[in-house]
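Take 4 as the starting number for the sequence shown in this note's numbering and just add one per residue.
Okay, structure first, notes after.
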Amino acid sequence: ADLTVLTVASGPGSYTGMRVGLGFAKGLALARSLPLIGIPTLDIVAAGQTATGLPLVAVAEAGRTRLLTGRYRYQAESGWQATERPIVQSAVELAAAINEPTLLAGEISETARGAIEPEAPQAQFAPAPANVRRAGVLAALGWRRWQAGELDDPATLVPDYLRPPAGA
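Structural data, given as C-alpha coordinates:
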(Lines of atoms letter the chains of each structure in order from A and count residues from 1; the text may use other names and numbers.)
(Lines give C-alpha, C1' and ligand atoms only; values in the text may rest on other atoms or scores of the structure.)
Protein backbone atom coordinates (compact mmCIF):
# COMPACT_ATOMS: atom_id res chain seq x y z
CA ALA A 1 0.00 0.00 0.00
CA ASP A 2 1.20 3.48 -0.82
CA LEU A 3 1.21 6.02 1.98
CA THR A 4 0.86 9.71 1.26
CA VAL A 5 0.80 11.24 4.74
CA LEU A 6 0.78 9.98 8.35
CA THR A 7 -1.56 11.40 10.95
CA VAL A 8 -1.15 10.59 14.64
CA ALA A 9 -2.81 11.66 17.88
CA SER A 10 -0.29 13.91 19.61
CA GLY A 11 -1.83 13.91 23.06
CA PRO A 12 -2.51 14.51 25.76
CA GLY A 13 -2.96 10.85 26.54
CA SER A 14 -1.36 7.95 28.36
CA TYR A 15 2.35 8.52 28.78
CA THR A 16 3.39 5.13 27.38
CA GLY A 17 0.78 5.16 24.63
CA MET A 18 1.87 8.59 23.44
CA ARG A 19 5.57 7.65 23.44
CA VAL A 20 5.00 4.40 21.53
CA GLY A 21 2.44 5.73 19.04
CA LEU A 22 4.20 8.96 18.23
CA GLY A 23 7.62 7.28 18.20
CA PHE A 24 6.41 4.71 15.67
CA ALA A 25 4.80 7.37 13.45
CA LYS A 26 7.90 9.59 13.58
CA GLY A 27 10.18 6.67 12.73
CA LEU A 28 8.02 5.63 9.78
CA ALA A 29 7.73 9.22 8.55
CA LEU A 30 11.49 9.73 8.69
CA ALA A 31 12.32 6.33 7.14
CA ARG A 32 9.85 6.76 4.26
CA SER A 33 10.20 10.55 3.86
CA LEU A 34 6.48 10.98 4.54
CA PRO A 35 4.78 14.10 5.86
CA LEU A 36 3.58 13.77 9.46
CA ILE A 37 0.70 15.54 11.16
CA GLY A 38 -0.01 15.47 14.89
CA ILE A 39 -3.60 16.06 15.99
CA PRO A 40 -4.44 16.90 19.63
CA THR A 41 -6.51 14.20 21.35
CA LEU A 42 -9.37 16.47 22.36
CA ASP A 43 -9.61 17.89 18.82
CA ILE A 44 -10.52 14.34 17.75
CA VAL A 45 -13.31 14.22 20.36
CA ALA A 46 -14.57 17.67 19.35
CA ALA A 47 -14.54 16.96 15.61
CA GLY A 48 -16.78 13.93 16.18
CA GLN A 49 -19.57 16.14 17.57
CA THR A 50 -22.48 17.67 15.72
CA ALA A 51 -22.72 21.45 15.92
CA THR A 52 -25.52 22.24 18.37
CA GLY A 53 -25.04 25.96 18.90
CA LEU A 54 -23.70 25.20 22.38
CA PRO A 55 -20.11 25.48 23.54
CA LEU A 56 -18.40 22.11 23.92
CA VAL A 57 -16.21 20.60 26.60
CA ALA A 58 -14.29 17.63 25.19
CA VAL A 59 -13.27 15.15 27.90
CA ALA A 60 -10.77 12.30 28.24
CA GLU A 61 -9.84 10.24 31.29
CA ALA A 62 -6.65 11.51 32.94
CA GLY A 63 -6.32 8.82 35.63
CA ARG A 64 -6.88 8.94 39.37
CA THR A 65 -10.46 10.21 38.90
CA ARG A 66 -9.16 13.24 37.02
CA LEU A 67 -10.43 14.48 33.67
CA LEU A 68 -8.59 16.10 30.80
CA THR A 69 -10.90 18.83 29.50
CA GLY A 70 -10.78 21.27 26.63
CA ARG A 71 -13.27 23.98 25.70
CA TYR A 72 -14.40 24.51 22.10
CA ARG A 73 -16.68 26.79 20.08
CA TYR A 74 -18.07 25.90 16.67
CA GLN A 75 -17.11 28.13 13.73
CA ALA A 76 -19.12 27.58 10.54
CA GLU A 77 -16.06 27.96 8.31
CA SER A 78 -13.62 25.84 10.31
CA GLY A 79 -15.57 23.55 12.65
CA TRP A 80 -14.80 23.13 16.35
CA GLN A 81 -11.99 25.41 17.55
CA ALA A 82 -10.28 25.20 20.93
CA THR A 83 -10.78 28.34 23.00
CA GLU A 84 -8.14 27.53 25.63
CA ARG A 85 -5.41 25.02 26.41
CA PRO A 86 -6.67 21.72 27.89
CA ILE A 87 -6.48 21.28 31.65
CA VAL A 88 -6.66 18.38 34.10
CA GLN A 89 -9.40 18.73 36.70
CA SER A 90 -11.87 16.78 38.80
CA ALA A 91 -15.49 16.25 37.79
CA VAL A 92 -16.51 18.61 40.61
CA GLU A 93 -14.16 21.32 39.29
CA LEU A 94 -15.54 20.83 35.78
CA ALA A 95 -19.12 21.11 37.04
CA ALA A 96 -18.31 24.33 38.90
CA ALA A 97 -16.93 25.86 35.68
CA ILE A 98 -20.11 25.23 33.66
CA ASN A 99 -22.11 28.46 33.83
CA GLU A 100 -24.08 28.23 30.57
CA PRO A 101 -25.71 25.44 28.56
CA THR A 102 -22.73 23.33 27.45
CA LEU A 103 -22.31 20.05 25.58
CA LEU A 104 -19.97 17.54 27.25
CA ALA A 105 -18.50 14.78 25.08
CA GLY A 106 -15.85 12.10 25.34
CA GLU A 107 -14.74 9.73 28.09
CA ILE A 108 -17.05 10.52 30.98
CA SER A 109 -17.48 7.69 33.48
CA GLU A 110 -20.77 7.13 35.27
CA THR A 111 -19.05 8.30 38.47
CA ALA A 112 -17.92 11.55 36.85
CA ARG A 113 -21.32 12.09 35.27
CA GLY A 114 -22.94 11.50 38.65
CA ALA A 115 -20.75 14.23 40.14
CA ILE A 116 -21.39 16.68 37.28
CA GLU A 117 -25.16 16.38 36.74
CA PRO A 118 -26.41 17.66 40.13
CA GLU A 119 -23.88 20.52 40.24
CA ALA A 120 -24.19 21.62 36.60
CA PRO A 121 -27.82 21.35 35.49
CA GLN A 122 -26.94 23.23 32.28
CA ALA A 123 -24.60 20.42 31.19
CA GLN A 124 -25.85 18.33 28.29
CA PHE A 125 -24.15 15.03 27.53
CA ALA A 126 -23.42 13.83 23.99
CA PRO A 127 -25.00 10.50 23.04
CA ALA A 128 -22.80 7.45 23.71
CA PRO A 129 -21.86 6.76 20.04
CA ALA A 130 -20.47 10.31 19.72
CA ASN A 131 -18.17 9.85 22.72
CA VAL A 132 -15.73 7.43 21.10
CA ARG A 133 -12.57 8.80 19.47
CA ARG A 134 -12.62 7.40 15.94
CA ALA A 135 -9.70 6.78 13.62
CA GLY A 136 -11.77 8.13 10.73
CA VAL A 137 -12.13 11.49 12.49
CA LEU A 138 -8.36 11.58 13.12
CA ALA A 139 -7.78 10.80 9.43
CA ALA A 140 -10.21 13.52 8.29
CA LEU A 141 -8.53 16.13 10.51
CA GLY A 142 -5.12 15.09 9.20
CA TRP A 143 -6.34 15.22 5.61
CA ARG A 144 -7.60 18.78 6.07
CA ARG A 145 -4.29 19.89 7.54
CA TRP A 146 -2.36 18.12 4.78
CA GLN A 147 -4.50 19.80 2.10
CA ALA A 148 -3.77 23.16 3.78
CA GLY A 149 -0.03 22.42 3.85
CA GLU A 150 0.03 22.38 7.67
CA LEU A 151 2.66 19.72 8.37
CA ASP A 152 4.66 18.90 11.48
CA ASP A 153 8.38 18.19 11.47
CA PRO A 154 8.89 14.51 12.41
CA ALA A 155 12.22 15.42 13.99
CA THR A 156 10.67 17.93 16.39
CA LEU A 157 7.06 16.76 16.94
CA VAL A 158 6.73 15.69 20.57
CA PRO A 159 3.82 14.27 22.55
CA ASP A 160 1.78 16.72 24.59
CA TYR A 161 1.75 15.04 27.99
CA LEU A 162 0.17 18.09 29.67
CA ARG A 163 1.56 16.79 32.96
CA PRO A 164 4.38 14.46 34.03
CA PRO A 165 3.67 10.69 34.12
CA ALA A 166 2.38 9.21 37.39
CA GLY A 167 5.25 8.57 39.78
CA ALA A 168 7.59 11.06 38.10
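C-beta: ideal position from N, C-alpha, C; glycine also.
Since the structure is predicted, the reported quantities are computational estimates derived from the model, not experimental observations.
Sixteen is the threshold: when 16 or more other Cβ atoms of the shown chains lie within 10 Å of the Cβ of Pro43, as they do, the residue is buried. DSSP places Ile40 within a strand segment (E or B) once states are collapsed to three. Given a length threshold of 4 residues, the region 116–147 has no whole run of the alpha helix (DSSP H) inside it.
The Cβ atoms of Thr72 and Val62 sit closer than 8 Å to each other. In this structure, the alpha-carbon of Ser36 lies about 48 Å from that of Gln125.
Under the DSSP assignment, Glu96 falls in the alpha helix (DSSP H) whose first and last residues are 94–100. In the DSSP assignment, Gly14 falls outside any alpha helix (DSSP H) and lies within the beta strand (DSSP E) extending over 9–14. Take Gly109, set aside five residues on each side of it, and the residues of its chain with a beta-carbon closer than 7 Å to its own are Val48, Ala61, Val62, Ala63, Asn134, in chain order.
For Val161, no alpha helix (DSSP H) segment is defined, and its DSSP state is neither H nor E.
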